[in-house]
Amino acid sequence: MSSSSSQLQSGEQRVAKFETFINDVLKDSLKQISAALDVINDQISELEDVRNTVDTMSQLAGELPAGKPLKTRVNVGCDFFMQANADVRTFLVCVGLGCYVEYTRDETLAHVRVRTKLLKERADDLRDQGARVRAQITLALHCIQAEQGLL
1 MSSSSSQLQS GEQRVAKFET FINDVLKDSL KQISAALDVI NDQISELEDV
51 RNTVDTMSQL AGELPAGKPL KTRVNVGCDF FMQANADVRT FLVCVGLGCY
101 VEYTRDETLA HVRVRTKLLK ERADDLRDQG ARVRAQITLA LHCIQAEQGL
151 L
């Protein structure tokens, strides 16, 4: 009688350990991976916005007569706009840590292309890590079911 009682108690302890591992380790890891993936997706979206802006400004500048500057309105804060003449021959691009580099149109597009490729590779790696963690959670849940005799 005491051996079946101790087996039941040790089975409950193993189930509790699996549940603790799932909740404290695996789910926390999955949250961190998801947060990192969100940050990378936001960066990719910003780079796509830069590419679209460069393409639009270049197209608008191409439609203007030669020597005439591209006039635009710039929001300087609190929805207060000022008229500006934009030079579309060069673009200031943030390359990180608050540093900006002046690029030509082609250099800007090349920078965006390379940066996007690197970020997409990192996002793919994070998705793979997330899939592995989800598989580990599933495996741990199956172990719990087997321990409880539900399988």
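Take full-length UniProt numbering: the final residue in the sequence shown is number 151, and no numbers are missing along the way. From the three backbone atoms N, C-alpha and C, an ideal C-beta is built for every residue, glycine too.
Fill in: Alpha-carbon to alpha-carbon, L64 and S34
Rounded to the nearest angstrom, the two C-alpha atoms are 45 angstroms apart.
Worksheet item: What number of angstroms, rounded off, separates the C-alpha of M1 from the C-alpha of G130?
Response: Any answer about M1 is weak, because its pLDDT of 48 lies below 50 and its placement is not dependable; what the coordinates show is given next. In this structure, the straight-line span from the alpha carbon of M1 to that of G130 is close to 44 angstroms.
Item to complete: Output the distance between the C-alpha atoms of E121 and A84, rounded to the nearest integer angstrom.
Response: Per the coordinates, the alpha-carbon of E121 lies some 38 angstroms from the alpha-carbon of A84.
Fill in: Assigned exposure category for L126 - 16 Cβ within 10 Å defines buried
Per the 10 Å Cβ criterion, buried.
Discussion item. I need the DSSP call for M1, collapsed to helix, strand or coil.
Written reply: Legend: pLDDT at M1 = 48, less than 50; position of this residue unreliable, value from coordinates given subsequently. Residue state, collapsed to three classes: coil.
Worksheet item: Mind pulling the beta strand (DSSP E) runs of 3 or more residues that sit fully within the segment 64-141?
Response: When DSSP assignments are scanned along the segment 64-141, the uninterrupted stretches of beta strand (DSSP E) that are 3 or more residues long and fall wholly within it turn out to be 70-75, 81-86, 90-96, 99-104.
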